[in-house]
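Taking numbering that gives the first Met the number 0, the leading residue of the sequence shown gets 0, the next gets one more, and so forth. Just so it is clear, CB atoms sit at the ideal spot from N, CA and C, and this is done for glycine as well. What follows is a set of notes on a single structure, which appears directly below.
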Amino acid sequence: MGEGCQPWFASLWWKDICSIGHNLNNNWFSNNVVKKLGNGVDTSFWEDTWVGNRSLKDRFPRLYSISIQKEAKVAELHSFVNTVHWTLLWRRRLFVWEENLLLQLLELINPITLLGEIDRWGWVPEKDDLFTVKSTFSLVSNLIVSADLVPPWYASAFSVIWKCPAPSKVTAFAWQVLHDRIPSRHNLYRRHIID
Numbered sequence: 000m001g002e003g004c005q006p007w008f009a010s011l012w013w014k015d016i017c018s019i020g021h022n023l024n025n026n027w028f029s030n031n032v033v034k035k036l037g038n039g040v041d042t043s044f045w046e047d048t049w050v051g052n053r054s055l056k057d058r059f060p061r062l063y064s065i066s067i068q069k070e071a072k073v074a075e076l077h078s079f080v081n082t083v084h085w086t087l088l089w090r091r092r093l094f095v096w097e098e099n100l101l102l103q104l105l106e107l108i109n110p111i112t113l114l115g116e117i118d119r120w121g122w123v124p125e126k127d128d129l130f131t132v133k134s135t136f137s138l139v140s141n142l143i144v145s146a147d148l149v150p151p152w153y154a155s156a157f158s159v160i161w162k163c164p165a166p167s168k169v170t171a172f173a174w175q176v177l178h179d180r181i182p183s184r185h186n187l188y189r190r191h192i193i194d
């Protein structure tokens, strides 16, 4: 996920989540979290992923760059009187090719209707949008294996350790063996802990 997901006040749990798959060169977590639109009050029009699979900022970077409503919420820009209307304001008049982008944007968002419930976050890998450790483990392990960051035998060993019904002490020891972290004389010497 990278360092960008870690504000200075982040908890140790969040820092651990951010550090997972740091070699994947993609925002695996951000790409799988979406905003489920309700009333639009808590959903950022440009920055949250609430329509399609990318944020509008990423899908229409040119329009985002000239918008004067970069931090606006969906509810602030949406109105409905007989038909859907979006109040989008720009720093300057749009060029013809930007008007085409605006038409594409409106085509994407016009079918959207706001509901009487609050906005909520959704986890894409799960059908019911609820975050689970199981789906996260599956997602990250598949990403790691498909990115060829680990050999296939490592992935299967990782899976066996994860699913093992052994006591936690045994699982922790197996994890240390897999990562060559047993505090043997050789490993302690290699890490400059002993001479």
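Helix, strand or coil for residue i per DSSP?
i	result
residue 126	coil
residue 77	strand
residue 43	strand
residue 119	strand
residue 66	strand
residue 185	helix
residue 112	coil
Using 9 angstroms as the threshold, is the C-beta distance between residue i and residue j below it?
i	j	result
residue 113	residue 36	yes
residue 85	residue 109	yes
residue 97	residue 65	yes
CA-CA distance, residue i and residue j?
i	j	result
residue 1	residue 115	Confidence is the limiting factor: at residue 1 the pLDDT is only 48, short of 50, which leaves the residue's position unreliable and the question unanswerable from this model.
residue 15	residue 48	23 angstroms
residue 176	residue 132	23 angstroms
residue 31	residue 138	10 angstroms
residue 169	residue 183	17 angstroms
residue 172	residue 181	8 angstroms
residue 152	residue 158	10 angstroms
Closest to residue i by CA distance: which of the options is it?
i	options	result
residue 93	119, 61, 106	61
residue 43	64, 149, 72	72
residue 117	140, 19, 41	41
residue 107	141, 58, 81	58
residue 101	63, 171, 180	63
residue 127	33, 29, 152, 83	33
Residues in its own chain within less than 7 angstroms of residue i by CB, not counting five upstream and five downstream?
i	result
residue 161	136
residue 89	65, 66, 67
Under 6 angstroms Cβ to Cβ from residue i, same chain only, skipping five residues before and after it: list those, please.
i	result
residue 213	The structure shown does not extend to residue 213, since the chain spans only 0 to 194, so no value can be given for it.
residue 29	none
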